[in-house]
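The numbers in the sequence shown follow the UniProt record's numbering, run straight up by one, and end at 80. Notes follow the structure.
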Amino acid sequence: MSDAPNIAQKAPFPVEVTEGKSYFWCACGKSSKQPFCDGSHKGSPFEPVKYTAQATKKLFFCGCKHSTKAPLCDGSHSKL
């Protein structure tokens, strides 16, 4: 098993988040519910990243799984 995440897509996922709600971002790249976790990481070294929204707004969750600001996009997909 590789210790590099699967690249779900080379672009961020725009998501409308709700203030106070927690989201679990998929770090392994295998979830069928991108950009969020569906449990596909089981048996791998990956764990989902919990994100609690500070405000109701649109955010861009990382789709390439290589962001240094996970779970949010930092533009890393442009270098893959």
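Glycine is no exception: its CB is placed at the ideal position from the N, C-alpha and C atoms.
Quiz item: Taking buried to mean at least 16 other C-beta atoms within 10 Å of its own C-beta, is A8 buried or exposed?
Solution: buried
Quiz prompt | Classification of K58 by the beta-carbon crowding that lies within 10 angstroms, buried from 16 upward | solution = exposed
Quiz item: For K50, is the classification buried or exposed, using 16 other Cβ atoms within 10 angstroms of its Cβ as the cut-off for buried?
Solution: exposed
Practice problem: Can you have a look at residue 104 and say buried or exposed, based on whether 16 or more other CB atoms are within 10 angstroms of its CB? | Solution: Because the chain here runs from 1 to 80, residue 104 falls outside it and cannot be looked at.
Quiz item: Taking the C-alpha atoms as reference points, what is the distance between A70 and C37?
Solution: 13 Å
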